[in-house]
Structures are given as C-alpha cells and as structure tokens.
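In this note's numbering, the protein residues as written are 495 to 1044. A short write-up of the structure that comes next.
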Ligand code: B12
Ligand code: SF4
C-alpha cells in the first residue's frame, strides 16, 4: 500500500517558480503532501532549514535550473545535511539534467537527480522513498547504487500539458510594476531549438516533436482564474518563444486565446501581457494580434544585429526580419526591449561596432548587452570545448574569445560595466522594467498623465542608451589602445557616476507611476478613476498632469 509522502520543493523565487509550483500541484493531485519554499539568495538558507525542521519531509526536491546558482544550492544542501536532515534529496531542472554524473560524483549531500520534465518521475520517487521501496522503477532517475551510478530509463515524450494541474500559486499574488502580477507558460520547448547558447533544444532533444502547446482554452482558464480569484491584471508569458513557426499559426493561436478569454467573460481591457518572441515571425498581422490581445511589452530576441553575429549564434533570423519585427511592434504601440550578445567566441570589433550603431538607431528601446554564456547542454559548450577555449571551473565555466582585442574589450567590460560594485546592470534592468511599466500604465490607466510619464520614460531611456553607446565605443577604443589600469579606472568612474544619476531619475519616474496607479486603484472603488488624470487632481498625488488627449 503506497504511503502519502511529504515533499518539500525548493527553488529560486524571484517570482513564483513555475517549476516547483507545477510539481507541487502535480504531487498534491496524486494524493501527496507538497509545499514550496523559495531560495533565491544564500541569505535565505536559515529560513529553508527552519522549514525543513518544521515539515520533516520524506523528500527534499530542489530545482537547480540555473547553472549560475548551482554552487549556492550545493552549499545549501550541504548545510541541510549538516543540520541533521536524513531524508532523500533529489535535484532536477536544466543544469542537473545534463550534469547529473558530476553532481552525484561531487555532491555527497544529494541522493539523486531526476532528469528532464519532473512529472515523469516525481510521484514514483516520492512513493518509493516514503514506502522504502527500490528506486529502480522511477523513470528518469539517476542515483548511487553499489558504488556506482544507476541510470533508470528516461521517458522522452512531452507531458499532456492540458492534463496537468495549474501551478500552485502563492496565497497573495505578487506585485510587479504596480499591478497584481503572475507568470505562466503556454508551451514547453521551442520550435527553433538551435541557438548556440541555449539548452532548450537539448532538453527536449529526444522527443518526437520540438515543442508542445497547451490548448487555448486551458491557457485562458488559468488566466481567468488568476484574474478573478487573485485580481491579477499583468501577466507575463514565460514561454521561451510565445510566437509559433509562422505568422498565420501565431495569429490563430493569439486569436484563440483571446476568444477563449472573452467566452469566459474576462474584461480584456483590464489585462495586460508581456511576452518573449523571436523576430522572424513577427509581421504586421502578428503585431496587431498581440496588441489586440492586450500585450504591452515584447522582449524581442534580437541577440545580435549583424549577419555574421546572427550566423555565429545560429539564430536562424536575418537582419531584415529583426528590422521588420521592430517596425511592426512599435507601430502597434508595443514596448520592445532586447538583448545583444555582442561577445561570442568569434565576435569581431567591427561586429560589435555595428551592434552599437543598431542601438543608436533606436535609442528609445531599452536594451542590454553581454556575452553568450556557457550552459550545460548548449551547443556553445561543445564549441568551446572543441576549440580548446573553455577555461575556469565547473559549474560556472568561462571561455576565451578568439580575437585577442575583443577579449581585452570583454575584460574591460567585466571590470567596469559588470564590475562588482557597478550600477550598470541595475540601471539597464531598471530601464527595461520602466519601459514595460510605462506601457502597462498606458494600457491599464490610460490618460493624459500616463502619456506624459511614458514620454518622460522614453526620453530617459534614449539619453541613457546614447550615453551607453558612447561608452561601449570608448571601451572598444581602450581595448585597441592597450589602455592601462588608470585609464580604465577613469572610464569606470565616469560610467558609474552617470549610471547613479540615471538610476535616481528612473526611480523618480517609477515612484510617480506607482502613485498614479495607487490613486487610480482607490478612485476605481468609487467608479471615478478618470478623475485622477482628467481633473486637476494629479498634482495632489505628485503625478504630472500632461496635455489633454486629442
Ligand atoms: C522563468 C525563467 C526565468 C525567471 C526566473 C523566475 C524564478 N524562478 O524566480 C527569470 C526571468 C528571473 C530568469 C532569469 C534567469 N534565467 Co531564466 N528562465 C526562465 C524560463 C523562461 C522559464 C522557466 C519556467 O518557469 N518554466 C516552466 C516550468 C514548468 O518548466 P521548467 O522550469 O523546465 O521545469 C520543469 C523541468 O525542468 C523539471 N524541473 C525543474 N526543476 C525541477 C526540480 C526537481 C526536483 C525536479 C524533479 C524536476 C525539475 O520539471 C519541471 C516540470 O516539468 C526558462 C526557460 C524554460 N523554458 O524553462 C529560462 C532558463 C531557466 N533561464 C535561464 C537563464 C540562463 C537565466 C539567467 C541566468 C539569465 C541571465 N543571463 O540573467 C537568469 C538567472 C536567474 C537567477 N535566478 O539567477 C536558462 C537556464 C540555463 C542554465 N542551465 O543555467 C533557461 C533554461 C533559458 C534558456 N533558454 O537557456 N529566468
Ligand atoms: S534561445 Fe529561444 S529561440 Fe533560440 S533555441 Fe532557445 S528557446 Fe529557442
């Protein structure tokens, strides 16, 4: 007779962690007890230990999806053992799926790795542990046995996504960008599955198809519940790629979700969406369909704005596709943000300069730039190993760029833009958030103040971006000129000073939007929310009034 098992799931919760929350719902649906506890920073270790002592789970299941967090999780799990926990510890997610051997060889605290999608084996594992049965029949499991590793056969098929319960949500919804906020996924996998730096293709490699979709009605049902029961108004689709392989399929999918939401009586004007998309399928019809659904922001997969860079990153997109996507999305009023992986193994100085020129052409779009990082399972990992440029240490490998001048530029980037005390990352992160925030406010709190703030946000982003474009070019010149420590320090000081100044400006705009949203939410209660922006009340709340709308 199977005993009901107690499972405690741990994962980074910068926002609701859909992996552990989905697995928690799945376990509960099959009669087990499951709870989640967040671990995003080492400072939260004490709270995790307390929770383990209180709950005394049979199984501790940790999501180590992020390779960059692996060491923090290993430290935590060692501390858990040192604290006296004797139950079973299993880890899962992207990184352990590929690095299971090394994890089990080096991490004595960890008993097993459950590879690929966790639903395939988590229930069997919980049952086996709770009833003291053998682990032999648990699919996808790798564990220590007889001084060796036992690798059970894996199930290589997508779960029936519509058959899965919705993720267990926190009691109170998150607040992001001044709204009640939730994330969700409407698919698993990616139809492109080929990008150099990405492990999603490898994660689903052995399956018959590259991706699986939930039905539009299942997606709409989850959104409707979040909206009605939790008052969620802002939703972020965490699908790697919300758009499908052709514009026609994508438009059909978006229209289906919209129709299903309407069928459920959801007031679409009260919802705003953020999505991620590859540029190649975004045309005017897709942009219009997205806007019609209520999308306000798109994180567009630009990644590199040169033909050679796009080829090197195996993006399968050309520059004209990127230009078209940007033009269509902005024409339909969507806020677009993007990232540029200017540093990759074969990057050249000319390529980086061409990327900077791309930024200059659209200074009002929030962006960030960096290096393609190695994650386990990615083609990049294989490339740097075969080229002999991998260096550093597991689990966070480093690599050398082939062009020595580009490598020097990257080293300067690492010690200045990305230096330990740098404000750069915080600023660019804040500007991306600010741009989505302004777009959400324009949709959910439309009015003259919202428009005026959005204009101020665009102005700040443009000023910051043009400044950064100059600094990136200066960094390239420093690298070419073999600049010494003193010049690099002077460069850094100027960079940090301006970052701090822009951060203060960004914070002021963020606060102003939050005040506007708070005021409108209060007036909404009385059904007179338009008073805030249309009557001379905005000033009372410290919000600019702006010009009357045409
Ligand atoms: C949401 C998300 C985020 C959120 C994180 C939210 C949070 N948890 O707090 C944000 C936006 C903050 C984020 C940031 C980053 N992310 Co991210 N992110 C994702 C994304 C798009 C979706 C994850 C998700 O919710 N999926 C839905 C759930 C249901 O699926 P799942 O996570 O795959 O979980 C299933 C299985 O993996 C498995 N599983 C997972 N955990 C466990 C645990 C156990 C015990 C078991 C048995 C099974 C299991 O079972 C689950 C159910 O089937 C994934 C891509 C992806 N498609 O998964 C990237 C991804 C996880 N992120 C990635 C990266 C690189 C990052 C960043 C480093 C990016 C950056 N340069 O800053 C940062 C680091 C974040 C950090 N915490 O430090 C990589 C990870 C690669 C790696 N091995 O390191 C991914 C895979 C994207 C990619 N294409 O490469 N990210
Ligand atoms: S980066 Fe995005 S488009 Fe490229 S393979 Fe990964 S999920 Fe697919």
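Backbone N, C-alpha and C define an ideal beta-carbon position, used for all residues, glycine too. On a predicted model such as this, the values are computed, not experimentally measured, just so you know.
Closer than 7 angstroms: is that where the CB of residue i sits relative to any heavy atom of the ligand B12?
| i | result |
| --- | --- |
| residue 717 | no |
| residue 513 | yes |
| residue 996 | no |
| residue 561 | yes |
| residue 991 | no |
| residue 516 | yes |
| residue 671 | no |
| residue 557 | yes |
Within 10 angstroms of the Cβ of residue i, are there 16 or more other Cβ atoms? Answer buried if so, exposed if not.
| i | result |
| --- | --- |
| residue 510 | buried |
| residue 851 | exposed |
| residue 960 | exposed |
| residue 763 | exposed |
| residue 880 | exposed |
| residue 839 | buried |
| residue 964 | exposed |
| residue 594 | buried |
| residue 1022 | exposed |
| residue 915 | exposed |
| residue 640 | exposed |
| residue 910 | buried |
| residue 525 | exposed |
| residue 1030 | exposed |
| residue 580 | exposed |
| residue 552 | buried |
| residue 980 | exposed |
| residue 608 | buried |
| residue 684 | buried |
For the ligand SF4, is there any heavy atom lying closer than 7 angstroms to the beta carbon of residue i?
| i | result |
| --- | --- |
| residue 907 | no |
| residue 812 | no |
| residue 634 | no |
| residue 735 | yes |
| residue 692 | yes |
| residue 815 | no |
| residue 695 | yes |
| residue 772 | yes |
Could you check the C-alpha separation between residue i and residue j for me, to the nearest Å?
| i | j | result |
| --- | --- | --- |
| residue 878 | residue 908 | 19 angstroms |
| residue 601 | residue 503 | 18 angstroms |
| residue 948 | residue 773 | 24 angstroms |
| residue 578 | residue 546 | 10 angstroms |
| residue 890 | residue 554 | 24 angstroms |
| residue 717 | residue 665 | 16 angstroms |
| residue 970 | residue 900 | 8 angstroms |
| residue 779 | residue 733 | 20 angstroms |
| residue 927 | residue 993 | 16 angstroms |
| residue 791 | residue 856 | 16 angstroms |
| residue 731 | residue 770 | 7 angstroms |
| residue 722 | residue 1003 | 30 angstroms |
| residue 583 | residue 644 | 16 angstroms |
| residue 1133 | residue 672 | Because the chain is modelled from 495 through 1044, residue 1133 falls outside the range shown and cannot be assessed. |
| residue 507 | residue 920 | 19 angstroms |
| residue 561 | residue 619 | 24 angstroms |
| residue 935 | residue 991 | 30 angstroms |
| residue 940 | residue 788 | 13 angstroms |
| residue 998 | residue 925 | 11 angstroms |
Can you tell me the Cβ-Cβ gap for residue i and residue j, rounded? I've got them flagged as a contact below 8 angstroms.
| i | j | result |
| --- | --- | --- |
| residue 749 | residue 783 | 6 angstroms |
| residue 612 | residue 586 | 5 angstroms |
| residue 636 | residue 598 | 7 angstroms |
| residue 517 | residue 604 | So it is not a contact: roughly 17 angstroms between Cβ atoms. |
| residue 556 | residue 571 | 7 angstroms |
| residue 1032 | residue 1039 | 4 angstroms |
| residue 944 | residue 1010 | 7 angstroms |
| residue 796 | residue 737 | Actually they do not touch by this definition, with Cβ atoms about 14 angstroms apart. |
At a threshold of 7 angstroms, does residue i count as lining the ligand PLP (C-beta to nearest heavy atom)?
| i | result |
| --- | --- |
| residue 616 | In the structure on display, the ligand PLP does not appear, and the ligands it does have are the ligand B12 and the ligand SF4. |
Review point. How about the segment 792 to 803 and the segment 831 to 846: do they share at least three Cβ pairs that are nearer than 8 angstroms?
Key: yes
Check your understanding: Do three or more CB pairs link the segment 627 to 639 to the segment 659 to 667 at distances below 8 angstroms?
Key -> no
Check your understanding: So, do the segment 702 to 711 and the segment 808 to 817 have three or more beta carbon pairs nearer to each other than 8 angstroms?
Key -> no
Practice item. Check whether the segment 694 to 701 touches the segment 740 to 760, counting contact only when three or more Cβ pairs, one atom from each stretch, lie closer than 8 angstroms. Key: no
Check your understanding: Can we say the segment 521 to 536 touches the segment 676 to 683, given the rule of at least three CB pairs closer than 8 angstroms?
Key -> no
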